[in-house]
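What follows is a set of notes on a single structure, which appears directly below.
Numbering (our numbering), first residue to last: 41 to 676.
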């Protein structure tokens, strides 16, 4: 009997096992769904089910299509490698950013084979057929993206001139002119700052573009197209600034139908210059691909919120030094006085009387002279510079009774020795008349000490009053106003250099106040050199990384690798697509969510960081809903 009871107690209850397994399976599915949501954000259940459509989407690695236009090749002189050279350059850029691609033919586009791709690249495709034009338009209208250069479709497949109708209709721009290589061997090309295509590139950065391919000037006609750069060079070219910028677009991006385009008015292999130029051009190319494929771009805003540009006043005190009082008595703004050594020694009382009005920088001769053939400026050796800079520093500090923090080289030139001497003697900034490759400051580190270099970014009163001969104050004001507008377009720093014998004369000085008022009305940060340096060091210490997690979520990481806190800065993340219901969270417990705003007109998320401690890293998740979800089923 006992044996029978024992056997009965070992009997398996299948119902309990089945129910228990069902509970475990349900819990497993719920945990899986929670993990998926934690990593990828909001999703719809049908998006993760193993359906045929979803499996094809996951298995299919989307590629770009690159047109090798035989129609264009046929119109070139016999033996020309122009097209194949351009194609090779595009190929190397695409491989560098790990974008897979296929080469396609003119006939492929005519037959609509390109429509299985999301991105169509048209390098130097001057000659295309009417059938291709129809297919490319349909491709854009249905949501495809096009990346092109030069003058696409300006010739037919039979090499007959077609004109700029396709260019104007699709890209919303009007052809202005081609650059004649016989007039200029290369042209300076200025990039606007703080927009998606130029993220991570200094505002106002200038590329040098060779003119052998006849680069193109264009004018933006429609609001669906945005100007990214311009050919106008204020350093050497005449004309009304606003008009010249408007007529000289060199890069643009925009929309056509549901699709997007990026247009470069020059070929990729036309970029020439030093290594830094190629680094920034590579970044421009990557940003362009990101925008075309709906990937985000991010950067730290150049200036404190809500400013769009910045401005400093740098009056030079040399001839007619008493006129500096006309400025200090009428203008309520920070300023940095550039003081001539002999003038300071001759007028010590004047120097001390204005010392509470701003900072001082000494005008120092670093021994610039010309070579025997008068083509090369040569700067003296380090020993000469040490002696000169030390003597000027000690003398002026004894007059001013305060430390001297900056210099301005007499002829505008400086070299590596200059920076080394400034570091050794604890200088903090250098202001130069040299023309460089950007319209924002640059930090140079020597012996682990930061030196801020500020270069000329606008026309001074030597140009406006002396060279242009503008004696009427309204014309003077208009000329300065144009440069303020240009720096607003670039997003750069307006360095307003003034001279005591010109703009600071009693009859002219009021123009300065008017220019400052205009700048402030247009969200220009009018600041001192010290505030500028402090801000630029803080901003430069921030690192921003971002990653697409899914079509409804990106992750953003903001770091401070420096050994001091960074305060009050704005990180801009452009989502590069139309979204709504934006929400910020963090997958790390106790992470404080900062104040943030999303601007639907430009698809930009502004993250306002009040304090980031030394060595601190913050990780955020940005969730959103896509306005055109069906357009983003497949993205890179």
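Note that beta-carbon positions come from the ideal geometry of N, C-alpha and C, so glycine has one too. Predicted model only: the values in this text are computed from it and were never measured.
Spatial distance of residue i from residue j (CA atoms)
{"i": "residue 307", "j": "residue 553", "result": "44 Å"}
{"i": "residue 97", "j": "residue 517", "result": "Bear in mind that a pLDDT of 45 at residue 97, under 50, signals an unreliable position, so the number given afterwards is only what the model happens to contain. Answer to the nearest angstrom: the Cα atoms are 60 Å apart."}
{"i": "residue 426", "j": "residue 461", "result": "6 Å"}
{"i": "residue 214", "j": "residue 191", "result": "11 Å"}
{"i": "residue 95", "j": "residue 157", "result": "Residue placement at residue 95 cannot be trusted, given a pLDDT of 45 that sits under 50; what the coordinates show is reported in the next sentence. C-alpha separation (whole angstroms): 18 Å."}
{"i": "residue 666", "j": "residue 592", "result": "7 Å"}
{"i": "residue 629", "j": "residue 581", "result": "25 Å"}
{"i": "residue 327", "j": "residue 237", "result": "5 Å"}
{"i": "residue 218", "j": "residue 657", "result": "48 Å"}
{"i": "residue 619", "j": "residue 186", "result": "22 Å"}
{"i": "residue 212", "j": "residue 663", "result": "33 Å"}
{"i": "residue 151", "j": "residue 606", "result": "56 Å"}
{"i": "residue 100", "j": "residue 178", "result": "With a pLDDT of only 38 at residue 100, under the threshold of 50, the placement of this residue in the model should not be trusted, and no figure is reported."}
{"i": "residue 198", "j": "residue 300", "result": "28 Å"}
{"i": "residue 504", "j": "residue 566", "result": "21 Å"}
{"i": "residue 588", "j": "residue 118", "result": "47 Å"}
{"i": "residue 429", "j": "residue 562", "result": "39 Å"}
{"i": "residue 673", "j": "residue 590", "result": "Residue placement at residue 673 is flagged as unreliable, the pLDDT there being 44, under the threshold of 50; a coordinate-derived value is accordingly withheld."}
{"i": "residue 484", "j": "residue 247", "result": "21 Å"}
{"i": "residue 511", "j": "residue 302", "result": "44 Å"}
{"i": "residue 274", "j": "residue 289", "result": "15 Å"}
{"i": "residue 660", "j": "residue 637", "result": "14 Å"}
{"i": "residue 676", "j": "residue 358", "result": "For residue 676, the pLDDT reaches just 38, beneath the cut-off of 50, and the residue's location in the model is therefore unreliable, although a value from the coordinates is still provided. Going by the C-alpha atoms only, they are around 59 Å apart."}
{"i": "residue 493", "j": "residue 609", "result": "21 Å"}
{"i": "residue 256", "j": "residue 189", "result": "10 Å"}
{"i": "residue 585", "j": "residue 595", "result": "8 Å"}
{"i": "residue 419", "j": "residue 404", "result": "12 Å"}
{"i": "residue 140", "j": "residue 644", "result": "28 Å"}
Nearest candidate by alpha-carbon position, reference residue i, set the options
{"i": "residue 210", "options": "641, 615, 399, 184", "result": "184"}
{"i": "residue 400", "options": "366, 444, 136", "result": "444"}
{"i": "residue 575", "options": "236, 356, 197, 482", "result": "482"}
{"i": "residue 649", "options": "145, 631, 664", "result": "631"}
{"i": "residue 201", "options": "170, 127, 555", "result": "170"}
{"i": "residue 223", "options": "254, 204, 387, 207", "result": "254"}
{"i": "residue 501", "options": "356, 114, 466, 120", "result": "356"}
{"i": "residue 293", "options": "115, 322, 232", "result": "232"}
{"i": "residue 165", "options": "396, 261, 127", "result": "127"}
{"i": "residue 523", "options": "160, 424, 467, 564", "result": "564"}
{"i": "residue 478", "options": "103, 496, 323", "result": "496"}
{"i": "residue 196", "options": "538, 282, 111, 446", "result": "111"}
{"i": "residue 297", "options": "265, 395, 571, 569", "result": "265"}
{"i": "residue 490", "options": "499, 498, 507, 464", "result": "464"}
{"i": "residue 473", "options": "488, 499, 456, 234", "result": "499"}
{"i": "residue 432", "options": "381, 627, 537", "result": "381"}
{"i": "residue 107", "options": "137, 162, 115", "result": "162"}
{"i": "residue 249", "options": "239, 240, 230, 258", "result": "230"}
{"i": "residue 578", "options": "521, 654, 508", "result": "654"}
{"i": "residue 260", "options": "397, 323, 228, 207", "result": "207"}
{"i": "residue 423", "options": "447, 262, 456", "result": "456"}
Minimum Cβ-Cβ distance from residue i to chain C less than 8 Å
{"i": "residue 444", "result": "No chain C is part of this structure, which consists of one protein chain only."}
Beta-bridge pairing of residue i - partner residues as DSSP gives them
{"i": "residue 169", "result": "Note: residue 169 sits in no beta bridge, so no partner."}
{"i": "residue 294", "result": "265, 301"}
{"i": "residue 105", "result": "142, 160"}
{"i": "residue 216", "result": "Paired residues: none, contrary to the question."}
{"i": "residue 247", "result": "229"}
{"i": "residue 565", "result": "350"}
{"i": "residue 590", "result": "593"}
{"i": "residue 258", "result": "215, 289"}
{"i": "residue 403", "result": "380, 448"}
{"i": "residue 185", "result": "159, 300"}
{"i": "residue 585", "result": "597"}
{"i": "residue 195", "result": "167, 201"}
Heavy atom of the ligand COA within 7 Å of residue i beta-carbon
{"i": "residue 489", "result": "The model on display carries no ligand, and the ligand COA is accordingly not part of it."}
The stretch 334-342 in contact with the stretch 613-627 per 3-pair CB rule at 8 Å: yes
Inspect the CB distances between the stretch 503-522 and the stretch 326-334 and report whether three or more fall short of 8 Å. no
So, do the stretch 394-408 and the stretch 441-460 have three or more beta carbon pairs nearer to each other than 8 Å? yes
Uninterrupted beta strand (DSSP E) stretches inside the stretch 133-164 (no shorter than 3 residues): 141-144, 159-162
Per the contact definition of three or more C-beta pairs closer than 8 Å, is the stretch 363-375 in contact with the stretch 313-327? no
Along the chain, which unbroken stretches of the alpha helix (DSSP H) at least 4 residues long are found entirely within the stretch 474-551? 513-530
Measuring CB atoms only, is the stretch 298-312 touching the stretch 542-550, in the sense that at least three cross pairs come out at less than 8 Å? no
Could I get the ranges of all uninterrupted beta strand (DSSP E) runs contained in the stretch 304-363, with 3 residues as the minimum, in chain order? 337-340, 349-357
Just list the beta strand (DSSP E) runs in the stretch 434-466, keeping only unbroken ones of 3 residues or longer that don't cross its boundaries, in chain order. 446-449
Entirely enclosed beta strand (DSSP E) segments - the stretch 594-667, minimum 3 residues: 606-614, 619-625, 635-639, 644-652, 657-666
So, do the stretch 371-389 and the stretch 341-349 have three or more beta carbon pairs nearer to each other than 8 Å? no
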